[in-house]
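Undergrad: Quick one: this structure, given as structure tokens, is what I'll be asking you about.
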Amino acid sequence: MKGCIIYFSGTGNTEYVARAIKQEFANSNILCDTYEVSKNSGFEDKYDFYVFGAPIYAEMFPPFYTEWVKKHLTKGNGRKCIVFSTQANTIACGPACLAKELKRIGFKIVIEDCIVMPNNYYIVAFKKFTEEQVNVALKKAKEQAKTIVDNFLNGKTYFTNVKGREIWAKPVFKLFMLWSRKWAKKNLVADMCKCTRCGLCQKQCPVNNIKVDKDSITFFENCVSRQRCVHRCPANAFLYKNKVIEQYRLPKEGHLGKI
Numbered sequence: 006m007k008g009c010i011i012y013f014s015g016t017g018n019t020e021y022v023a024r025a026i027k028q029e030f031a032n033s034n035i036l037c038d039t040y041e042v043s044k045n046s047g048f049e050d051k052y053d054f055y056v057f058g059a060p061i062y063a064e065m066f067p068p069f070y071t072e073w074v075k076k077h078l079t080k081g082n083g084r085k086c087i088v089f090s091t092q093a094n095t096i097a098c099g100p101a102c103l104a105k106e107l108k109r110i111g112f113k114i115v116i117e118d119c120i121v122m123p124n125n126y127y128i129v130a131f132k133k134f135t136e137e138q139v140n141v142a143l144k145k146a147k148e149q150a151k152t153i154v155d156n157f158l159n160g161k162t163y164f165t166n167v168k169g170r171e172i173w174a175k176p177v178f179k180l181f182m183l184w185s186r187k188w189a190k191k192n193l194v195a196d197m198c199k200c201t202r203c204g205l206c207q208k209q210c211p212v213n214n215i216k217v218d219k220d221s222i223t224f225f226e227n228c229v230s231r232q233r234c235v236h237r238c239p240a241n242a243f244l245y246k247n248k249v250i251e252q253y254r255l256p257k258e259g260h261l262g263k264i
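Written out as structure tokens, the structure reads:
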């Protein structure tokens with residue numbers, strides 16, 4: 006039996022959980038490949054089971070992630086899968102909504118779960134986690150990854166109850182996506198004295214919203230405000246409302262091995 010973890014990670018939270026889940030499967034001698042959808046190349050639907058994971062954008066998974074899944078996986082053939090989300094809150098609608106789409110094409114959903122990770126959206130909203138809160142969240146995320154894999158292998162099911170939540174979550178998500186489109190264009194500028202023109206922000210933007218030129222960085226109107234550009238810039242060259250940004254980083258001891 007061999008599986009694949011298909012995920013998107015903007016700043017490292019979902020990647021952290023994907024690594025933890027992969028390690029738990031490895032502990033049971035089960036191979037699990039990983040595929041990050043923004044790579045967008047070389048994927049083959051050849052696995053016995055799948056794990057789907059992404060961060061939450063105002064209750065839901067980002068559209069480019071769900072669209073990628075629907076484009077590349079068209080027949081479930083009864084294969085089992087896990088769907089998880091990462092967010093600073095304890096619950097969201099993303100896993101349940103994607104699970105419905107997967108069921109329609111023949112996948113068997115056995116686990117839907119929401120995993121709390123440190124807030125990486127603090128430059129816009131909500132408080133940044135303290136060091137203690139970060140460490141607690143990472144420890145619990147590892148434990149939750151173990152529980153997810155154990156339940157999956159033992160034939161146990163788990164589903165989050167978001168029926169009432171979906172009623173208001175979908176319209177809120179639509180409004181959030183409309184607001185996000187111009188987020189970078191309105192709020193970010195690059196300090197070109199610090200910028201090294203490495204082009205990493207342009208290459209890693211999941212929606213191709215950034216263009217790096219010799220003298221400037223241009224943002225278009227397709228942003229999803231995931232902030233990968235901001236937090237992964239090696240020179241920390243982006244300014245938010247003309248202020249230097251405190252970049253989000255998971256502690257080194259919190260990282261798991263390469264995937």
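Numbering (the numbering used here), first residue to last: 6 to 264.
Cβ atoms here follow ideal geometry from the backbone N, Cα and C, with glycine treated the same way.
Every value quoted in this text rests on a predicted model; they were computed, and no experiment measured them.
1. Relative to the C-alpha of Q138, which candidate in R202, V129 and N125 has its C-alpha closest?
2. According to DSSP, is L255 part of a helix, a strand, or is it coil?
3. Please report how far the alpha carbon of K161 lies from the alpha carbon of V88, in whole angstroms.
4. For G17, is the classification buried or exposed, using 16 other Cβ atoms within 10 angstroms of its Cβ as the cut-off for buried?
5. Using a Cβ distance threshold of 8 Å, determine whether the segment 93–103 contacts the segment 50–65, with at least three qualifying pairs required.
6. Distance, Cα to Cα, F48 vs S90?
7. Leaving out five residues before and five after V74 in sequence, what residues of the same chain have Cβ atoms less than 6 Å from its Cβ?
8. So is E29 buried or exposed if we call it buried at 16+ other beta carbons inside 10 Å?
9. Tell me the DSSP secondary structure of L78 in three-state form.
10. Out of N192, P67, Q92 and F57, point me to the one whose CA is closest to K85's CA.
11. What residue range does the beta strand (DSSP E) around V121 cover?
12. What distance in whole Å lies between the Cβ atoms of T152 and E106, which are believed to be in contact at a cut-off of 8 Å?
13. Go ahead and pull the three-state DSSP assignment for F181.
14. Beta-carbon within less than 6 Å of Y127's beta-carbon, same chain only, minus the 5 sequence neighbours each way: which residues are those?
15. Which residue from G204, R231, D155 and I215 puts its Cα closest to that of F181?
TA: Let me lay it out:
1. Walking along the sequence shown from the start, residue 138 turns up at place 133. Cα-wise, what sits closest to Q138 is N125.
2. In the sequence shown, the residue the question calls residue 255 occupies position 250. DSSP places L255 in coil when its eight states are reduced to three.
3. Here residue 161 refers to the residue found at position 156 when the sequence shown is read from its first residue. Here residue 88 refers to the residue found at position 83 when the sequence shown is read from its first residue. Approximately 14 Å between the Cα atoms of the pair.
4. Numbered from its first residue, the sequence shown carries residue 17 at position 12. When all chains shown are included, G17 counts as buried.
5. yes
6. Position 43 of the sequence shown holds residue 48. Position 85 of the sequence shown holds residue 90. For F48 and S90, the distance between alpha carbons rounds to 21 Å.
7. For the purposes of this step, residue 74 is identified with residue 69 of the sequence shown, where counting begins at 1. For V74, where only same-chain residues beyond five positions count, there are no Cβ hits under 6 Å.
8. Here residue 29 refers to the residue found at position 24 of the sequence shown. Buried, since its Cβ has 16 or more Cβ neighbours within 10 Å.
9. Start at 1 with the first residue of the sequence shown, and residue 78 comes out as number 73. In the structure shown, L78 sits in coil (DSSP, three-state: anything other than H, G, I, E or B).
10. Position 80 of the sequence shown, counting from 1, holds the residue named residue 85. Comparing Cα positions, the closest option is F57.
11. By one-based count along the sequence shown, residue 121 stands at place 116. First-last of the beta strand (DSSP E) with V121: K113 to V121.
12. By one-based count along the sequence shown, residue 106 stands at place 101. By one-based count along the sequence shown, residue 152 stands at place 147. The Cβ separation is near 25 Å, so there is no contact.
13. Position 176 of the sequence shown holds residue 181. Helix, per DSSP.
14. Against the sequence shown, residue 127 aligns to sequence position 122. Result list for Y127: K133, in chain order.
15. Your numbering for residue 181 matches position 176 in the sequence shown. The option with the nearest alpha carbon to F181 is R231.
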